[in-house]
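Worksheet: one structure, shown below.
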Amino acid sequence: MKFNAMTAIAAVLFSVPGLVAADPDDDNLVINGEIEMTTKAEPPAHLDGALPEIMSGWHFRSDETQALQMDDFDNSGMIFVDEGMAQWNTVEGSEEKSCATCHEDPSSMKGVRASYPKWDEDAGEVQTLAMQINDCRENNMGAEPYGYTSGKMANMEALIAVQSRGMPVDVAIDGPARETWEKGKELYYTRTGQLELSCANCHEQNYGNMIRADHLSQGQINGFPTYRLKNAKLNTVHARFKGCVRDTRAETFKPGSDEFVALELYVASRGNGLSVEGPSVRN
Amino acid sequence: MKLSTLTLAATVVAGAALANPVAPADVTFDDYGAVTQSLSGQPGDPENGAKIMKTKSLGNCISCHKVTALNDAPFHGEVGPTLDGVGDRWNKAELRGIVSNAKKTYPGTVMPAYYKTEGFVRPGNAYTGKAPDGPLDPLLSAQQIEDVVAFLTTLKEE
Numbered sequence: 011m012k013f014n015a016m017t018a019i020a021a022v023l024f025s026v027p028g029l030v031a032a033d034p035d036d037d038n039l040v041i042n043g044e045i046e047m048t049t050k051a052e053p054p055a056h057l058d059g060a061l062p063e064i065m066s067g068w069h070f071r072s073d074e075t076q077a078l079q080m081d082d083f084d085n086s087g088m089i090f091v092d093e094g095m096a097q098w099n100t101v102e103g104s105e106e107k108s109c110a111t112c113h114e115d116p117s118s119m120k121g122v123r124a125s126y127p128k129w130d131e132d133a134g135e136v137q138t139l140a141m142q143i144n145d146c147r148e149n150n151m152g153a154e155p156y157g158y159t160s161g162k163m164a165n166m167e168a169l170i171a172v173q174s175r176g177m178p179v180d181v182a183i184d185g186p187a188r189e190t191w192e193k194g195k196e197l198y199y200t201r202t203g204q205l206e207l208s209c210a211n212c213h214e215q216n217y218g219n220m221i222r223a224d225h226l227s228q229g230q231i232n233g234f235p236t237y238r239l240k241n242a243k244l245n246t247v248h249a250r251f252k253g254c255v256r257d258t259r260a261e262t263f264k265p266g267s268d269e270f271v272a273l274e275l276y277v278a279s280r281g282n283g284l285s286v287e288g289p290s291v292r293n
Numbered sequence: 033m034k035l036s037t038l039t040l041a042a043t044v045v046a047g048a049a050l051a052n053p054v055a056p057a058d059v060t061f062d063d064y065g066a067v068t069q070s071l072s073g074q075p076g077d078p079e080n081g082a083k084i085m086k087t088k089s090l091g092n093c094i095s096c097h098k099v100t101a102l103n104d105a106p107f108h109g110e111v112g113p114t115l116d117g118v119g120d121r122w123n124k125a126e127l128r129g130i131v132s133n134a135k136k137t138y139p140g141t142v143m144p145a146y147y148k149t150e151g152f153v154r155p156g157n158a159y160t161g162k163a164p165d166g167p168l169d170p171l172l173s174a175q176q177i178e179d180v181v182a183f184l185t186t187l188k189e190e
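Protein chains in written order, with the numbering used here: chain B, 11 to 293; chain X, 33 to 190.
Quick look at the structure:
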C-alpha cells in the first residue's frame, strides 16, 4: 500500500517535465488583425472546479497550424463559408424559397451560433444548429434535409458560425434544457468501450499531455465546424464525437442521436465564455 | 477462436505437461492487484514484448508512456508515467497484474485493462465504431501479456 502511494508520487514527478513541455501556449488569437478572440477564460460556475481555466483547442496546435487561422486568406475553412453562401441563396424545395427569402442577409444570423444548442419550445426538445437548419429546410422550404454531418451541412454551419465570430459562447442550461444537459454530462463522464475511456479522461484529466503524436486539448467545440489538415475538409461536431467514441473501441452513437445532442449541449456549455471561432483550423 | 486454436497447437507441440492459458475471467489478483501465476504457462519473450508495446494495433503502450529503451519508435505520450526503471519499482507478479487489469492496482486509472473481456459500457468491434459481432477477445493474448511483462522486468535503472 505504502509502496503504491510512493510509486504514484514518483509517477507524478516523472510526468511533470513532459507536461510543461507540451503545455498550451500563451499566444493571442487575433483574426485578420482585427477580431480579438477570447481563447482562455474563467470556467463557468457549473463546471464546479473541474477545470481551472477553459481554453480553445487553438492553443494546443502548432504555431504553423495556429497561423492558418489568423488570416481568412490562409483559413481553408473560409472556402466552405463561400459555398455556404451559395447554398444560402439557392432556391430549393416545394415552397420555392431559399434561406435568403426569409432571413435576407446571413448577417441576420449574428449571435445564433453562440446560443446553440438551445431549447425549442414548439418542438419540446433541445435543438442543435444542424437540427434547426434541417427544420427550416423541411418545414419552411419543403426541401430535403441535409445529411447530419454532410459537407452541405458543414458549409451552412460555417456560414452561420462566422457571423458570430468573437462573440462569447453562451448556451443556456437551465429551465427545460436542464434535463438534456444532465444527460450530456453523464455521457461526458461515462467510460465507454473496451478501452474504458470517457471524454473527461482525455480532455479534462489529460489536456496538455501528448497521447502518442496528438496534443490533447480540452475538446472544446467553440471552433466548429473545424477545417482539419488531416482530412482537408470541414468537420462537424457530431462527426468529431463519433471519432472520439470510436477511438475508445466503443459502439458509437449516431450523429444527430438524442445522446449526441445532449452531449453537444453539455460540451458547448463547458466553453461558455470562449469566443465562437468557427470555422477554425486544426490538424 | 484464433486464440484457442493457437493454444491447441502449442499444447500438441509441447505435450501434456503444458497448462492452458488462464482465461481472462479466471485470473486471480491479490489484494494489491498482483497476479502470481503466469497467464500462458510459458516464459515471456522480452523482444516480442518490446514490439507489442510499440505497435499501434497491439499494445500501443507508448501512446501514453515514455520508454527510453523503445526510442527507436517515435512519439511517446505522457498520459502515464515514464516506464524507465519500472523493473526496479515492481516485481513480475505486480507487473503482470498491472498489464492485465491496471484498475486492480490503481483504482480508476485511465490505463485500459489488456486482459479483460467483460463488464464494458458499449463495447465495440475494435475501432470500427460498430457493435461487436461476438464475444470480445482481450486486447492482448495471455502469451502477449507474458511477453510484455518479460520486457518490463528488463527495465532497470542500475
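The beta-carbon is built from N, C-alpha and C at its ideal position, and this holds for glycine as well.
DSSP, reduced to helix, strand and coil, places Q175 of chain X within a helical segment of the structure shown. For T202 of chain B, the CB contacts under 8 angstroms within the same chain, skipping 5 residues up- and downstream, are S208, V255, T258 and A260 in chain order.
If you draw a straight line from the Cα of Y138 of chain X to the Cα of R121 of chain X, it comes to about 15 angstroms. Here I143 of chain B carries a helix assignment [DSSP, helix/strand/coil].
Residues of the region 88-112 of chain X with a C-beta less than 9 angstroms from any C-beta of chain B: K88, N92, I94, S95, C96, K98, P106, F107, H108, G109, E110, V111 and G112, listed in chain order. Shown here, R238 of chain B sits in a strand according to DSSP, grouped into three states. Comparing C-alpha distances from R71 of chain B to each of B:E46, B:V271 and B:G218 shows the shortest one belongs to B:G218. Going by C-alpha positions, S104 of chain B is about 34 angstroms away from P186 of chain B. P170 of chain X counts as buried, since no fewer than 16 other beta carbons sit within 10 angstroms of its beta carbon. Fewer than three Cβ pairs drawn from the region 236-246 of chain B and the region 123-131 of chain X lie within less than 8 angstroms of each other, which leaves the two stretches out of contact.
Scanning its chain for C-beta atoms nearer than 6 angstroms, with the 5 sequence neighbours on each side dropped, one finds around K98 of chain X the residues H108 and T114, in chain order. Here I64 of chain B is near R280 of chain B, since their CB atoms are less than 8 angstroms apart. The Cβ of G203 of chain B sits closer than 8 angstroms to at least one Cβ of chain X. Here A125 of chain X is not near K135 of chain X, since their CB atoms are 8 angstroms or more apart. Q137 of chain B: not part of any alpha helix (DSSP H); member of the beta strand (DSSP E) spanning E135 to Q137, first to last residue.
Here I170 of chain B is not near V111 of chain X, since their CB atoms are 8 angstroms or more apart. Going by DSSP, L127 of chain X is part of the alpha helix (DSSP H) stretching over K124 to S132. Fully enclosed alpha helix (DSSP H) runs of no fewer than 4 residues occupy 247-256 of the region 232-278 of chain B, in order along the chain.
Annotation: W68 of chain B is outside any beta strand (DSSP E) and is labelled neither H nor E by DSSP. If you ignore the 5 residues before and after D184 of chain B, its C-beta comes within less than 7 angstroms of no other C-beta in its own chain.
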